[in-house]
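The sequence shown begins at 1 in my numbering and counts up by one.
Take a look at the structure set out below.
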Amino acid sequence: MASSRRLRALITNDDGIDSPGLWALAAAVRDAGLDVVVAAPHVDASGVGASVISVRDDDGVRVHPRTLPGLDGVPAFAVEGHPAYIVYAAGRGWLRPAPDIVVSGINLGANVGRSVLHSGTVGAALTASLQGWYGLAVSLDSGWEPPEAPHWDAATTLVPELLDLLLARDPGTVLSLNAPDVEAGALRELREAHLAEFGNAQVVVEHREGDPHGTLLSSLRDTAEEPAPDSDIALLAAGHPTVTELRTVTGVPGLLGRMATSNARRG
């Protein structure tokens, strides 16, 4: 990690500034030798994806300095905005010097399958890529019911290895790490995983009649589909921490050329 000691890391999440997972992640990145600043939503912002919504008051967004447990001397801020907004603001003049890497998490609950699109944890890391920075999203596969004592160390013990892996790539690279919620000593080997075609559950929305126009009620149901054995869902279930490289939004060139070829074939 010698080359990373000069790097500045922004630590954020979507569970909010008061999440112990955020504190554990910030400490792990600091202990890996990076210069750390913490900025996270003032309240829970789970499921916001890469939204840049913020709470504006007199054309400004309030920022509240905080002192976090176990992070004496680390600048920390509760921001009245979503995690991607925080990352965006950091690259548009708020933080000086700007970060080189955004580390987001530790999310309470896995971020797996193509449904990572909706994750605020992942959205922050992908927004970092748009700024030309490294991004690392870190999540703990803790199940649907939050445990009383999550094994944050199952994720933090992997942070130095993931930082080395990430920083060996080009700036703009984004990795997503998921760790089983087990004691660190019980972890199996780290595996590279494909995104499952679906998430580890499906959202079902029911419309109930009522005043004035009814209510939409959402619930989670386990999916009946079997995940591929090399997918993030299957490997996590087998006790492996998983890592997946993600790509942010990109254009696909050649549309008009493909249309012309297709039309020519029809003719």
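Where a beta carbon is used, it is the ideal one built from N, C-alpha and C, also for glycine.
1) Do the region 27-46 and the region 5-17 make contact, defined as three or more Cβ pairs closer than 8 Å?
2) Do G123 and A50 have their C-beta atoms closer together than 7 Å?
3) Round the Cβ separation of P99 and R8 to the nearest angstrom and send it over; I've been treating them as touching at under 8 Å.
4) Mind checking whether V138 and L177 have CB atoms under 7 Å apart?
5) Take V205 as the anchor and find which of N107, R191 and R221 has the nearest alpha-carbon.
6) List the whole-angstrom C-beta distance separating D211 from G113, where the pair is believed to meet the contact cut-off of C-beta under 8 Å.
7) Please report how far the alpha carbon of E189 lies from the alpha carbon of Y88, in whole angstroms.
8) Output needed for H118: all residues of its chain with C-beta closer than 7 Å, excluding positions within five of it in sequence on either side, in chain order.
9) List in chain order: all unbroken beta strand (DSSP E) runs of 3+ residues lying wholly within the region 107-192.
10) Distance, Cα to Cα, A155 vs F198?
11) Beta carbon of A125, beta carbon of S142: below 7 Å?
12) Buried or exposed, going by whether 16 or more other CB atoms sit within 10 Å of the CB of A238?
13) Can you tell me the Cα-Cα spacing of T12 and V102, whole angstroms?
14) Using DSSP with H/G/I as helix, E/B as strand and the rest coil, what is D14?
15) Check each candidate in G70, E209 and R96 and name the one with the smallest Cα separation from W23.
16) What is the DSSP secondary structure of T244, counted as helix, strand or coil?
17) Out of T127, L187 and F77, point me to the one whose CA is closest to V249's CA.
18) So, at 8 Å on beta carbons, what are the nonlocal neighbours of H194 in its own chain, with the 5 sequence-adjacent residues on each side left out?
19) Would you list the residues sitting across from S54 in a DSSP beta bridge?
20) Is it right to say D181 is buried, meaning 16 or more other beta carbons lie within 10 angstroms of its own, or is it exposed?
21) Would you identify the three-state DSSP class for P227, choosing helix, strand or coil?
This is what the structure holds:
1) yes
2) Along the sequence shown, one-based indexing puts residue 123 at 123. Along the sequence shown, one-based indexing puts residue 50 at 50. Cβ distance < 7 Å, so G123 and A50 count as in contact.
3) Here the question's residue 99 lines up with position 99 in the sequence shown. Here the question's residue 8 lines up with position 8 in the sequence shown. Indeed, because the Cβ distance is near 5 Å, the residues count as touching under 8 Å.
4) Start at 1 with the first residue of the sequence shown, and residue 138 comes out as number 138. Start at 1 with the first residue of the sequence shown, and residue 177 comes out as number 177. Contact: yes.
5) In the sequence shown, the residue the question calls residue 205 occupies position 205. Taking only the C-alpha atoms, the option nearest V205 is R221.
6) Numbered from 1 along the sequence shown, position 211 holds the residue referred to as residue 211. Numbered from 1 along the sequence shown, position 113 holds the residue referred to as residue 113. The Cβ separation is near 37 Å, so there is no contact.
7) Indexing the sequence shown from 1 puts residue 189 at position 189. Indexing the sequence shown from 1 puts residue 88 at position 88. Roughly 34 Å separates the two Cα atoms.
8) For the purposes of this step, residue 118 is identified with residue 118 of the sequence shown, where counting begins at 1. Once the five neighbours on either side are set aside, the close Cβ partners of H118 are G47 and G49.
9) 134-141 and 174-180
10) As a working note, residue 155 is residue 155 in the sequence shown. As a working note, residue 198 is residue 198 in the sequence shown. So the two alpha carbons sit approximately 23 Å from each other.
11) As a first step, residue 125 is located in the sequence shown; it is residue number 125 there, counting from the start. As a first step, residue 142 is located in the sequence shown; it is residue number 142 there, counting from the start. No, these two residues do not count as a Cβ contact at 7 Å.
12) Indexing the sequence shown from 1 puts residue 238 at position 238. With fewer than 16 other Cβ atoms within 10 Å, it is exposed.
13) On the sequence shown, position 12 is the one that residue 12 refers to. On the sequence shown, position 102 is the one that residue 102 refers to. Looking at the two C-alpha atoms, the distance is approximately 7 Å.
14) The residue you call residue 14 lines up with position 14 of the sequence shown. Three-state DSSP puts D14 in coil, outside helix and strand.
15) Indexing the sequence shown from 1 puts residue 23 at position 23. If we check each option's Cα against that of W23, G70 comes out closest.
16) Locating residue 244 in the sequence shown gives position 244, where the first residue counts as 1. Strand, per DSSP.
17) Reading the sequence shown from its first residue, position 249 is the one you call residue 249. Nearest option by C-alpha distance: T127.
18) If you number the sequence shown from 1, residue 194 lands on position 194. Only A228, D230, S231, D232 and T244 meet the Cβ criterion.
19) Here residue 54 is taken as the residue at index 54 of the sequence shown, counted from 1. The partner list for S54 (beta bridge, DSSP) reads G81.
20) Position 181 of the sequence shown holds residue 181. Buried, since its Cβ has 16 or more Cβ neighbours within 10 Å.
21) As a working note, residue 227 is residue 227 in the sequence shown. Here P227 sits in coil by DSSP.
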